[in-house]
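Participant: Please see the structure below; I have some questions.
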Amino acid sequence: MQRTLVEVIAAKRDGQALSAEEVQHLIRAFSSGEMADYQMAAFLMAVFFRGMTDAETVALTEAMLHSGRVLDLSSVAGFKVDKHSTGGVGDKVSICLAPMVAACGVRVPMVSGRGLGHTGGTLDKLEAIEGFSTILSAAQFVKIVDEVGACLIGQTAEIAPADKRIYALRDVTATVESIPLIVASILSKKLAEGIDGLVLDVKVGRGAFMKDEKSARELAEALVRVGTRAGKKVVAVLTDMSAPLGVAVGNANETREALEVLHGRGPADVVECTLVLGSEMLAIAGVARTIDEARDMLVKVVANGRARAVMAALVAAQGGDSRVVNEPDRLAVAPVTVDVVAKQAGIVQEVDALEIGLASVAMGAGRTRADQPVDHQVGISVLKKPGAVVQVGDMLARLHVRDAATSAEAAARVAEAFSIGDGAPAPLPLVIGTIR
Ligand code: URA
Numbered sequence: 025m026q027r028t029l030v031e032v033i034a035a036k037r038d039g040q041a042l043s044a045e046e047v048q049h050l051i052r053a054f055s056s057g058e059m060a061d062y063q064m065a066a067f068l069m070a071v072f073f074r075g076m077t078d079a080e081t082v083a084l085t086e087a088m089l090h091s092g093r094v095l096d097l098s099s100v101a102g103f104k105v106d107k108h109s110t111g112g113v114g115d116k117v118s119i120c121l122a123p124m125v126a127a128c129g130v131r132v133p134m135v136s137g138r139g140l141g142h143t144g145g146t147l148d149k150l151e152a153i154e155g156f157s158t159i160l161s162a163a164q165f166v167k168i169v170d171e172v173g174a175c176l177i178g179q180t181a182e183i184a185p186a187d188k189r190i191y192a193l194r195d196v197t198a199t200v201e202s203i204p205l206i207v208a209s210i211l212s213k214k215l216a217e218g219i220d221g222l223v224l225d226v227k228v229g230r231g232a233f234m235k236d237e238k239s240a241r242e243l244a245e246a247l248v249r250v251g252t253r254a255g256k257k258v259v260a261v262l263t264d265m266s267a268p269l270g271v272a273v274g275n276a277n278e279t280r281e282a283l284e285v286l287h288g289r290g291p292a293d294v295v296e297c298t299l300v301l302g303s304e305m306l307a308i309a310g311v312a313r314t315i316d317e318a319r320d321m322l323v324k325v326v327a328n329g330r331a332r333a334v335m336a337a338l339v340a341a342q343g344g345d346s347r348v349v350n351e352p353d354r355l356a357v358a359p360v361t362v363d364v365v366a367k368q369a370g371i372v373q374e375v376d377a378l379e380i381g382l383a384s385v386a387m388g389a390g391r392t393r394a395d396q397p398v399d400h401q402v403g404i405s406v407l408k409k410p411g412a413v414v415q416v417g418d419m420l421a422r423l424h425v426r427d428a429a430t431s432a433e434a435a436a437r438v439a440e441a442f443s444i445g446d447g448a449p450a451p452l453p454l455v456i457g458t459i460r
């Protein structure tokens, strides 16, 4: 006999595993309004304490995925693969990665997010390009993926609506930090894109959602296990997010830097992160036999201009001014600058990505509530990284602001993010591990 909703909640409270049908019933009941928010909140807290098996997490992912529309990309030939980052500061990789991978013959349907909290969002960065639209119909999305090879849009109300409501409840019931709930939340949205494979960039460190390697690894392993059981090819790469990625933080500033990567001029860490994730995407798509071969292919499409051509076609197809691709300086960055300089000589020990991210949000580049607008032009250029030797008066960072007079607090915060000491800091590898 089918258990009632209260009995299912009680079963999870008591540590029992639920059947796939029970998990499905719960999500359907929640979506239809039969299950109240307070019942879902109780269930989420039970999951927080009792956890879920992989089978339950797969069932939860699939139930949330089917609470809305699953994009049908079956008319698009070839392997379709996306990349998802758990979020960080200065992470503009999607913007250069998508055209590079598409230029190697793999389709990249990418549904991205907006900035929230201290982390930036790909959509806000792309919208710094004049005319660029991230709100397209499903039919336009499929057409652009087919014709251009990649398309980057925002999550529509139709994609995994149960996740949206559940996430809002988790946010106010202290149940965000639960591995099965995070896994189902991320994968339900990504699998709704109609992809065949997914590469996850699980960030680790002060500027990341997961602050330590152990919890990031646990999340990455669960994402790979559950995604694989859901029938997709999934790889997760753990990458460092203790310091911001690259130099640029802020919307136009970051888009400009991502476009520089397509000219072979990006900062070494952004280039490396893009090549590592892109190589995994080409390998799971089967267009490269080895990771080394995949890397060579990506380097080549930058050198021969193919990646820039795909990006220009993508920007034009999404309504943007494609001249920015060859002339990234067309992207307007706020004209007033405020420099943060070293007050002591020594070696930079740390550049706290969280503080830089929070300063950037306070300047208007990000948002603290989902409905706030962002200022595309303000940002921070992080000019010194851990290990850099500095003298008194050397520039550590430059703020791009509207008004220098009101930027003192942000400048102080950016200055606080830098710690300068005597010895060389322990080197932090960009790539901490790969889970296949
Ligand atoms: N990102 C998501 O989309 N969901 C979570 O639960 C956490 C991070």
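Each residue of the sequence shown is one higher than the one before, starting from 25 at the first, in our numbering. Cβ coordinates follow ideal geometry from the N, Cα and C atoms, glycine included.
(1) Are glycine 92 and proline 185 close, meaning C-beta to C-beta below 7 Å?
(2) Helix, strand or coil, according to DSSP, for arginine 319 in the structure here?
(3) Over what stretch of residues does the beta strand (DSSP E) that includes aspartate 264 continue unbroken?
(4) Which parts of the stretch 166 to 250 are runs of the beta strand (DSSP E), unbroken and 3 residues or longer, counting only runs that do not cross its ends?
(5) For glutamine 179, which residues in the same chain have their Cβ closer than 6 Å to its Cβ, ignoring the five residues on either side in sequence?
(6) Looking at the structure shown, is arginine 422 part of a helix, part of a strand, or coil, going by DSSP?
(7) Is it the case that the Cβ atoms of leucine 84 and alanine 53 are separated by a distance below 7 Å?
(8) Return yes when the Cβ of glycine 370 is within less than 7 Å of the Cβ of isoleucine 444, no when it is not.
(9) Use the C-beta contact count for alanine 192: other C-beta atoms within 10 angstroms, 16 or more gives buried, fewer gives exposed.
(10) Counting pairs of Cβ atoms below 8 Å between the stretch 261 to 279 and the stretch 67 to 81, do you hit three or more?
(11) What do you reckon, is the C-beta of serine 202 under 6 Å from a heavy atom of ligand 1?
(12) Quick check: is any heavy atom of ligand 1 less than 6 Å from the C-beta of isoleucine 210?
(13) Taking contact to mean at least 3 C-beta pairs separated by less than 8 Å, is the stretch 401 to 408 in contact with the stretch 344 to 363?
(14) Please return the same chain residues whose Cβ sits closer than 7 Å to the Cβ of glutamine 326, not counting the five positions on each side in sequence.
(15) Which residue's Cα is closest to the Cα of arginine 319: Met305, Phe442 and Val166?
(16) Quick one: residues in its chain with C-beta nearer than 8 Å to the C-beta of alanine 412, no 5 flanking neighbours on either side, listed in chain order?
(17) Short of 6 Å in beta carbon distance, which residues of its chain neighbour glycine 102, apart from the five on each side in sequence? Order them along the chain.
(18) Pull the bridge partners of valine 362 from the DSSP assignment, please.
(19) Using CA coordinates, which residue listed in Gly229, Arg460 and Gln26 is at the minimum distance from glutamate 245?
(20) On the three-pair Cβ rule with 8 Å, is the stretch 156 to 175 touching the stretch 197 to 206?
(21) Grab me the residues of leucine 97's own chain with a C-beta within less than 8 Å of its C-beta, minus the 5 sequence neighbours each way, in chain order.
(22) Per DSSP, threonine 143 forms a beta bridge with which residues?
(23) For the alpha helix (DSSP H) holding serine 405, just list the boundary residues, first then last.
(24) Does the Cβ-Cβ distance between glycine 221 and lysine 256 come in under 7 Å?
(25) Less than 8 Å between the CB atoms is what I'm expecting for leucine 423 and alanine 434, so what's the real figure, rounded?
(26) Within its chain, find whatever has a CB closer than 7 Å to the CB of glutamine 63; leave out the 5 residues flanking it on each side and keep chain order.
(27) If distances are taken between C-alpha atoms only, which option among Ser405, Val100, Gly39 and Cys120 comes closest to valine 300?
(28) Alpha carbon to alpha carbon, what distance is there between serine 55 and threonine 392?
(29) Report the partner residues of glutamate 374 according to the DSSP bridge assignment.
(30) My output table needs one value for proline 280: the three-state DSSP class, helix, strand or coil.
(31) If you count every other CB in all the chains shown that lies within 10 Å of the CB of isoleucine 308, and 16 or more means buried, which is it?
(32) Three or more C-beta pairs closer than 8 Å, one from the stretch 143 to 154 and one from the stretch 378 to 391: is that the case here?
Facilitator: Judging by the given coordinates:
(1) Closer than 7 Å, so yes.
(2) Three-state DSSP puts arginine 319 in a helix.
(3) From DSSP, the beta strand (DSSP E) with aspartate 264 extends over 257 to 264.
(4) 174 to 178 and 221 to 228
(5) Counting only Cβ-Cβ distances below 6 Å, and skipping sequence neighbours, we find Val135.
(6) Here arginine 422 sits in strand by DSSP.
(7) no
(8) yes
(9) So alanine 192 counts as exposed.
(10) no
(11) no
(12) yes
(13) yes
(14) A small fix is needed here, since residue 326 is valine in this sequence, not glutamine. Within the same chain, valine 326 has close Cβ partners Met124, Leu286 and Gly288.
(15) Met305
(16) Ile371 and Val372
(17) These residues qualify, in order along the chain: Arg131.
(18) Leu423
(19) Taking glutamate 245 as reference, the option from Gly229, Arg460 and Gln26 with the minimal CA-CA separation is Arg460.
(20) no
(21) Closer than 8 Å at Cβ, skipping near neighbours: Lys104, Arg131, Pro133, Val166, Val169, Glu217, Gly218 and Ile219.
(22) Note: threonine 143 is bridge-paired with Leu140 in the DSSP secondary-structure output.
(23) Counting along the chain, serine 405 falls outside any alpha helix (DSSP H), though it belongs to the beta strand (DSSP E) covering 403 to 406.
(24) Contact: yes.
(25) 6 Å
(26) By the criterion of a C-beta distance shorter than 7 Å, glutamine 63 is surrounded in its chain by Leu29 and Ile33, once the five residues flanking it on both sides are discounted.
(27) Answer by Cα proximity: Cys120.
(28) 27 Å
(29) Ser443
(30) At residue 280 the sequence reads arginine, which differs from the proline that was named. Three-state result, arginine 280: helix.
(31) buried
(32) yes
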